[in-house]
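Visitor:
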Amino acid sequence: MTAPVRTRPGATTTVPGPEAAPRGDGLRRRKARTGWLFTAPTLVVVGLVTLFPVLYSVVTSFAKIRFTFGGMEVQEWTVANYATMFSSSAWLDSLVFTVGYTLGTVAVEIVLGIAVAVLLERLEAGRGWILALLLIPWSLITVVSAQLWAYLYDAGYGAVTWLFGLVMEAPPVILGKPVPAVAGLAVADIWKTTPFVAVIILAGLVKIPQERYEAAEMDGASAWTTFRLVVLPALRPVIAVAVLFRVLQAFGIFDLPFVLTQGGPGTATQSLAILGYKALFQDLNVGLGAAIATATGALVAIGCLLFLRAFKMQVDEGGVGR
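Residue numbering for the sequence shown follows the UniProt record's numbering, starting at 1 and increasing by one per position.
1) Can you list, in chain order, the residues of its chain with a C-beta nearer than 6 Å to that of residue 242? Leave out the 5 residues immediately preceding and following it.
2) Taking the alpha-carbon positions, what's the residue 253 to residue 297 distance?
3) What residue range does the alpha helix (DSSP H) around residue 246 cover?
4) Going by alpha carbons, who is nearest to residue 153 out of 294, 186, 129 and 121?
5) Over what stretch of residues does the beta strand (DSSP E) that includes residue 71 continue unbroken?
6) Per DSSP, which residues does residue 66 bridge with? Please list them.
7) Out of curiosity, what's the CA-to-CA distance linking residue 92 and residue 262?
8) Could you round the C-beta distance between residue 113 and residue 42 to whole angstroms and report it? I think they count as a contact, below 8 Å.
9) Use the C-beta contact count for residue 157: other C-beta atoms within 10 angstroms, 16 or more gives buried, fewer gives exposed.
10) Counting along the chain, where does the alpha helix (DSSP H) carrying residue 228 start and finish?
11) Give the DSSP-derived three-state secondary structure of residue 261 in the structure shown.
12) Below 7 Å CB to CB, which residues in the same chain sit around residue 312 once its five sequence neighbours on both sides are set aside?
13) Would you be able to state if there are at least three C-beta pairs under 8 Å between the region 82-97 and the region 278-298?
14) According to the Cβ coordinates, are residue 304 and residue 229 closer than 8 Å?
15) For residue 146, which option in 165, 181, 78 and 172 has the closest C-alpha, if you only look at C-alpha atoms?
16) What whole-angstrom Cβ distance do residue 121 and residue 190 have, given they're in contact under 8 Å?
17) Within a Cβ cutoff of 7 Å, which residues of the same chain sit near residue 60, ignoring the five residues on either side of it in sequence?
18) Between the C-alpha atoms of residue 21 and residue 28, what's the straight-line distance to the nearest angstrom?
19) For residue 227 and residue 248, what's the separation of their Cα atoms in angstroms?
20) Taking a contact to mean a Cβ-Cβ separation below 8 Å, would you say residue 235 touches residue 204 in this structure?
Spelled out as structure tokens, the structure:
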């Protein structure tokens, strides 16, 4: 229903009545219902594939389970699994290795990734071919690349051992001693994942407006000053995404040390994931394995939340990317 409104002698206009207003809201609601209808199957699948195993692991971590001819049987509900885990020196050693390995490899990958991305951004020709070559390590399955590095590190015929033999009288047994083994794992991981970081950062570099570089040049800024005051602040959101991806991957590292060292020598390269694997599949201690997995997931979640909170505070205070 509309109401006439006189604007000048002999002329009238109409304004929409109150019953016409909900038409747009109703259309938006119908679109929202349609969207939920189409995404519901995907959400159900995602919930079954991700949320259910997580919840099942959390519940299992509080159970004392024994194997029977019919399967598994819960004997009692207890927190003994967590008490055993936290009091174990193997848990502390694995935690120290995993945290140190994650921080070290991610830091090196971010630095190298930024350097590679800057070089690629300056290329006028051949960038696509170079990107394709750089992504070959990332495209390899980790088990395959780990086996490749196992050949390179072999004490008898490995190319890396041979190179050390050119400058050292007694080349180290790389995977046979703790420090060289950790360094060997880190090198293999950095070789594989730095291209991934470089591609993410390159995507942020190409979106920086050219006017910012021109303004810095007009102000007489050097190349390093331009990079520090113009490029890095604009790249912080992209770097944050790269760090999150890599922390999530590195903290759950399993396949690379499992193939190269089996967590050895001793427990020098035993990650939390390998510790949980051994508890679950070698010792058949389901509750303890679930407790290790749950604690590892909780640590990752807390670390990522703290990182995102710190990054958001930097954005709010410094206006990153504006």
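Here a beta-carbon is modelled for each residue, glycine too, at the ideal position from N, C-alpha and C.
Guide: In short:
1) 197 and 200
2) 12 Å
3) 232-251
4) 186
5) 71-77
6) 73
7) 18 Å
8) Residue 113 to residue 42, Cβ: 32 Å. No contact.
9) exposed
10) That residue, residue 228, is in no alpha helix (DSSP H); it is neither H nor E in DSSP.
11) coil
12) none
13) yes
14) no
15) 181
16) With a Cβ gap of about 21 Å, residue 121 and residue 190 do not count as contacting.
17) 286, 287 and 290
18) Unreliable placement is indicated for residue 21, whose pLDDT of 47 sits below 50; no coordinate value is reported for it.
19) 28 Å
20) yes
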